[in-house]
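The sequence shown lines up with residues 0 to 299 when you count with numbering that gives the first Met the number 0.
For reference, the structure discussed in these notes is given below.
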Amino acid sequence: MLRIAAVISPGGAACRCDWGQSVAARAEDVPKLTSINFLYRPARAVCRSNVMEEAKRPLVIEIGKRLRPLVDGVVARNSDVPNDPVLDPADFPFTATLRDNWRAIRDEAEAVARVPDDVPALDEISPDHAGIAPAGMWRSFFLWGYGYPVPENLARCPRTAALVEAIPDLNSAFFSILKPGTHIPDHRGVTKGLITCHLGLIVPKTGDCRMRVHDSIVRWREGETLMFDDTYRHEVWNDSGETRVILLIQTKRPARFPGNLIAGAFLWGVKRTPFVKEARANIAKWDEGLKAIEAERNAA
Numbered sequence: 000m001l002r003i004a005a006v007i008s009p010g011g012a013a014c015r016c017d018w019g020q021s022v023a024a025r026a027e028d029v030p031k032l033t034s035i036n037f038l039y040r041p042a043r044a045v046c047r048s049n050v051m052e053e054a055k056r057p058l059v060i061e062i063g064k065r066l067r068p069l070v071d072g073v074v075a076r077n078s079d080v081p082n083d084p085v086l087d088p089a090d091f092p093f094t095a096t097l098r099d100n101w102r103a104i105r106d107e108a109e110a111v112a113r114v115p116d117d118v119p120a121l122d123e124i125s126p127d128h129a130g131i132a133p134a135g136m137w138r139s140f141f142l143w144g145y146g147y148p149v150p151e152n153l154a155r156c157p158r159t160a161a162l163v164e165a166i167p168d169l170n171s172a173f174f175s176i177l178k179p180g181t182h183i184p185d186h187r188g189v190t191k192g193l194i195t196c197h198l199g200l201i202v203p204k205t206g207d208c209r210m211r212v213h214d215s216i217v218r219w220r221e222g223e224t225l226m227f228d229d230t231y232r233h234e235v236w237n238d239s240g241e242t243r244v245i246l247l248i249q250t251k252r253p254a255r256f257p258g259n260l261i262a263g264a265f266l267w268g269v270k271r272t273p274f275v276k277e278a279r280a281n282i283a284k285w286d287e288g289l290k291a292i293e294a295e296r297n298a299a
């Protein structure tokens, strides 16, 4: 099934106790915080009510199924980095800057995480991910989504914003928050034209928090980066009592002509599908609701 890949979690020193417990305690002090869900749901309904967009979905899925193997083959043959499932961060110079500044990024992720209802569940942003995103268990705070900035969220995380905006050929960037006990089932990304980077920010100290990429098991470490090709089947488990938080980056795969041209054309088409249009609309509507909540907090 054609899905736009988006992946994983948040953390930090002050929240180093179970994130869920610490932020829940803070959230109780915020007046009427849950009203953001009331503000948000009608927006999603409006987006879903676009009959023409809904009618396009089966056609887009079928076209994607037919084109993807051809596109991925051309991109793979012209890739400037290996076509392995798990890649070497040294082949991606921007990862060194992320590692050097990971604590500043973590601190901003923690500030966002202190009010968990400010961070939407992935299945609310992209309902097409509902099959792999257990309800409310996988939350995503988007800074960039599918090539488009989210100005309000960038303003809340200025240090992280400056770092991700300097990444060449950035497609998406978000704090990915995975609650304790969550399992993200086996799935794959939409195109070999993108490479996924995970920067560990808050990693559970107990239990087993891991990801399988093809036939390799990898684990996050705070301040370290993981690079992988998400067109390989992958699966995630947070078998711990703590929340995991990462910064997830997707950037274009370095490739030669004609691979770079074909990959760019495919991504151009993906951005115009109903799947991405709905996700972008939902991010915008969520931010509108969040602005209303912020005004309510400031007036209290």
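We treat Cβ as the ideally placed atom computed from N, Cα and C, and that holds for glycine.
Just so you know, these numbers come straight off a predicted model, no measurement behind them.
In the three-state DSSP reduction, GLU164 falls in the helix class (H, G or I). Put simply, the region 70 to 85 does not touch the region 136 to 152. Fewer than three CB pairs are less than 8 angstroms apart. Remark: C-beta atoms of LEU200 and GLU221 approach each other more closely than 8 angstroms. Of all alpha-carbon atoms in ILE248, VAL275 and GLY188, the one lying nearest the alpha-carbon of HIS213 is that of GLY188. Annotated three-state conformation of ASN170 is strand, per DSSP.
Beyond the five residues adjoining it in sequence on each side, ASP90 comes within less than 7 angstroms, by CB distance, of VAL80 in the same chain, given in chain order. Residue burial annotation: ILE216 is exposed, with fewer than 16 other C-beta atoms found within 10 angstroms of its C-beta.
Apart from the 5 residues on each side of it in sequence, ASP185 sits with its Cβ closer than 6 angstroms to the Cβ of ARG232 and GLU234 in its chain, given in chain order. In terms of Cα proximity to ASP238, the closest of CYS208, GLN249 and MET226 is CYS208. The beta-carbon distance between HIS182 and ILE245, rounded to whole angstroms, is 16 angstroms. This is too long to meet the 8 angstroms contact definition.
DSSP places ASP106 in the uninterrupted alpha helix (DSSP H) bounded by 101 to 112.
Straight through space, the alpha carbons of TRP219 and ALA161 are spaced by roughly 23 angstroms.
GLY268: member of the alpha helix (DSSP H) spanning 258 to 269, first to last residue. Residue pairing by DSSP places THR250 opposite LEU169 and ILE194 in a beta bridge. Looking at the DSSP output, ILE176 sits in a beta bridge with ARG138 and VAL244.
DSSP places GLU151 inside the alpha helix (DSSP H), whose first and last residues are 150 to 155. Look at ASP71 here: in three-state DSSP terms it is helix. Between GLY144 and ARG279 a beta carbon distance of about 6 angstroms is seen, short of the 8 angstroms cut, so the two are scored as contacting.
In this structure, the alpha-carbon of LYS251 lies about 27 angstroms from that of VAL111. With a cutoff of 8 angstroms on beta-carbon distance, PHE174 and ALA108 are scored as near each other. Annotated three-state conformation of PHE93 is helix, per DSSP.
Here GLY146 has ASN170 and LYS270 as same chain residues with Cβ atoms under 7 angstroms from its own Cβ, once five neighbours each way along the sequence are excluded.
The beta carbon of GLY206 sits closer than 6 angstroms to the beta carbons of ASP238 and SER239 from its chain, once the five residues preceding and following it are set aside; these are given in chain order.
Within a 10 Å sphere around the beta-carbon of LEU86 sit 16 or more other beta-carbons, which makes this residue buried.
Following the DSSP letters along the chain, one finds HIS233 inside the beta strand (DSSP E) bounded by residues 233 to 238.
For HIS186, the enclosing beta strand (DSSP E) stretches over residues 182 to 186. Secondary structure of THR159 (DSSP, three-state): helix. Nearest to VAL163 by C-alpha distance, out of ASN100, PRO119 and VAL114, is ASN100.
Closest in alpha carbon position to LEU247, among ARG138, ARG67, VAL70 and LYS191, is ARG138. The C-beta of THR195 has 16 or more other C-beta atoms within 10 Å across all chains shown, which makes the residue buried. Spatial neighbours of VAL73 in its own chain (CB-CB distance under 6 angstroms, excluding positions within 5 residues in sequence) are listed in chain order as GLY258 and ILE261.
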